[in-house]
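When we follow this note's numbering, the leftmost residue of the sequence shown carries the number 11, and every step to the right adds one. Glycine residues also receive a C-beta, built at the ideal position from the N, C-alpha and C atoms.
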Amino acid sequence: MELIKVDLGARSYNISIGSGILPDLGRYLKELQVGKRVLLVTNSNVWRLYGKIVKESLSDAGYRVLVGEIGDGEEYKTLATAERLYDLAYQSGCDRLSPVVALGGGVVGDTAGFVAATYLRGVPLIQVPTTLLAQVDSSVGGKVAVNHPRGKNIIGAFYQPCLVLADIDVLKTLPMREIRSGLAEIIKYGIIWSEEFFSWLEENIGALLAGDAGSLVHVVQESCRIKAEVVEADETEGGLRAILNYGHTVGHAVEALTRYKKYTHGEAVGIGMVAAARLAWSLKLLGFADLSRIEALVRRAGLPYELPENLLVEDIMERFYHDKKVIGGNLTFVLPGCIGKVDIRKDLTRDILINFSKMR
Ligand SMILES: NC(=O)c1ccc[n+]([C@@H]2O[C@H](COP(=O)([O-])OP(=O)(O)OC[C@H]3O[C@@H](n4cnc5c(N)ncnc54)[C@H](O)[C@@H]3O)[C@@H](O)[C@H]2O)c1
């Protein structure tokens, strides 16, 4: 079992990563000295697979478990879902010490995290991520949110968990498409932070796709280590943390324009990372060899990497300017200068982007 500490002063916490550690959840909770009433948020799919193990572990450790089951899918990451969970918590007598345990992928983690951040102005949050994407990204770093009908993650907060427990064994039941989706965010860490990690991924992508446990533990550890380093330097995205959005400006536009139905989040990020690398190359910021390596790894991960043919440049541009990362009308683009290093650019004009978009 590997322990990674996210050092944020009073808001510090550990990420525990290992194989077969889910049944130990109750024991981990005891070390946190939280209340005995636990709101366990999950969805029907994950509950069917892992509910019994988690509930037993918590009950055996002396906790009373209330199960808040939410719908499976992005469309349930809403204020209406959060309200149902507030009702359950309130009616069951959850108080300020009662922890919320998020058992599931990013949808469950973001929604449960938002409830934990806002119920009684904040109760302890424990993230138990069960998708690869959630283990390497969404469960770490404290961004919690629900969607608004007009935009994704519009209503949210920065709210750190007090523990993240990532059991690699749960990835055995994860559909291949979701494994690939998680790989997109993992490749992102290599591009933004570490050429060495990117090279390791180039060598081991086959083992990862084949579900090799040792390789999966390694990528979850490395990804969490990189994310922790970035978040420690800039918890609330005043500057550096924006590099984590590499691939997300185009990715969010693609997700929105295809109504969150055609692509998973990771797939859209795959398309966005290649688009941003091509933009960097067209601006002579990135060499052709590095562009080729980025394209090749995204492709080998089995992710889409071309913008959908039917998307109009005008619509993509329109979405860019609706992104919540636009501040004072300025668009922020994260562009690689080489593998392992990116720049945050706020000087890209509409004309530059339109010209580039027309090149595809
Ligand atoms: N907070 C952040 O920093 C952050 C970062 C990245 C993404 N996100 C958010 O995360 C969400 C996407 O998360 P996701 O990719 O985990 O999708 P998801 O939560 O929708 O899960 C994908 C699917 O996998 C299923 N599943 C989960 N665990 C499983 C398991 N072990 N075995 C079998 N099936 C399993 C789920 O039921 C679901 O059908 C988006 O809403 C995105 O905005 C948040």
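So which of the options has the shortest CA-CA distance to residue i?
| i | options | result |
| --- | --- | --- |
| Tyr38 | Pro109, Ser209, Leu313, Lys182 | Pro109 |
| Phe3 | Glu93, Trp291, Val279, Cys348 | Look at the range of the chain in this structure, 11 to 370, and you will see that residue 3 is not part of it. |
| Val133 | Pro159, Asn214, Trp210, Val44 | Val44 |
| Ala122 | His332, Leu49, Ala71 | Leu49 |
| Asn55 | Tyr96, Val180, Lys356, Glu328 | Val180 |
| Leu358 | Gly276, Tyr315, Ala286, Glu84 | Ala286 |
| Ala238 | Ala220, Val146, Glu305 | Val146 |
| Leu267 | Gly83, Arg94, Pro318 | Pro318 |
| Gly83 | Ser26, Ser22, Asn157 | Asn157 |
| Val230 | Ser26, Ser22, Lys182, Arg21 | Ser26 |
| Lys87 | Leu59, Pro159, Tyr73 | Pro159 |
| Lys40 | Lys62, Asp353, Ile63, Gly72 | Gly72 |
| Gly216 | Gln101, Ala311, Phe343 | Ala311 |
| Ala182 | Glu206, Lys272, Tyr60, Glu305 | The residue asked about is misnamed: residue 182 is Lys in this sequence, not Ala. When only C-alpha atoms are compared, the closest one is Tyr60. |
Does the beta-carbon distance from residue i to residue j come in below 8 Å?
| i | j | result |
| --- | --- | --- |
| Gln170 | Leu18 | yes |
| Arg303 | Ile364 | no |
| Ser204 | Ile236 | yes |
| Leu175 | Val117 | no |
| Val264 | Met283 | no |
| Leu89 | Arg47 | no |
| Arg106 | Leu130 | yes |
| Leu301 | Leu345 | no |
| Ser69 | Leu35 | no |
| Val240 | Ile253 | yes |
| Lys198 | Tyr256 | yes |
| Leu280 | Ala194 | Before going on, a small fix: residue 280 reads as Gly here, not Leu. Taking 8 Å as the Cβ cut-off, Gly280 and Ala194 qualify as a contacting pair. |
| Val125 | Val16 | no |
| Glu245 | Gly119 | no |
| Thr140 | Gly114 | yes |
| Ser209 | Leu218 | no |
| Gly28 | Glu12 | yes |
| Thr274 | Glu188 | yes |
| Asn24 | Leu142 | no |
| Ala144 | Val51 | no |
| Glu277 | Leu321 | no |
| Ile178 | Ser233 | no |
| Ala220 | Ala167 | no |
| Leu98 | Gly78 | yes |
For ligand 1, any of its heavy atoms closer than 7 Å to the Cβ of residue i?
| i | result |
| --- | --- |
| Glu188 | yes |
| Leu59 | yes |
| Gly116 | yes |
| Ala144 | yes |
| Leu226 | no |
| Gly257 | no |
| Thr128 | no |
| Thr183 | yes |
| Gly36 | no |
| Thr274 | yes |
| Asp120 | yes |
| Val2 | In the structure as shown, the chain begins at 11 and stops at 370. Residue 2 is therefore absent and cannot be evaluated. |
| Lys271 | no |
| Ser148 | yes |
| Val16 | no |
| Gly28 | no |
Here's the rule: buried if 16 or more other CB atoms are within 10 angstroms of the residue's CB, otherwise exposed. What is residue i?
| i | result |
| --- | --- |
| Gly261 | buried |
| Asp222 | exposed |
| Asp325 | exposed |
| Ala258 | The amino acid at residue 258 is misidentified as Ala; the sequence shows His. Buried: at least 16 other Cβ atoms inside 10 Å. |
| Lys162 | buried |
| His228 | buried |
| Ser148 | buried |
| Gly103 | exposed |
| Leu42 | exposed |
| Gly347 | exposed |
| Asp361 | exposed |
| Asn340 | exposed |
| Asp249 | According to the sequence shown, residue 249 is Gly rather than Asp. So Gly249 counts as exposed. |
| Ile164 | exposed |
| Asp353 | exposed |
| Phe330 | buried |
| Phe343 | buried |
| Arg74 | exposed |
| Lys65 | buried |
I'd like to know whether the C-beta of residue i is nearer than 8 Å to at least one C-beta of chain B.
| i | result |
| --- | --- |
| Gly276 | No chain B appears in this structure, which consists of one protein chain only. |
Taking 7 Å as the cut-off, is the CB of residue i close to at least one heavy atom of ligand 2?
| i | result |
| --- | --- |
| Gly83 | The ligand content of the structure shown is limited to ligand 1, which means ligand 2 is not among them. |
(request) Within the stretch 224-261, note down every full beta strand (DSSP E) run reaching 3 residues or more, in order along the chain. (result) none
(message) To test your reading of the DSSP string, which unbroken beta strand (DSSP E) runs of 3 or more residues are found completely within the stretch 150-220?
(response) 153-158, 161-168, 173-177
(request) Note down, one range per segment and in chain order, each alpha helix (DSSP H) of at least 4 residues found wholly within the stretch 251-328. (result) 258-267, 275-292, 298-310
(request) Run through the stretch 111-144 for me and flag every whole alpha helix (DSSP H) of 4 or more residues, listed as ranges in chain order. (result) 116-128
(message) Just to confirm the assignment: which complete alpha helix (DSSP H) runs, minimum length 4, are found wholly within the stretch 62-99?
(response) 62-70
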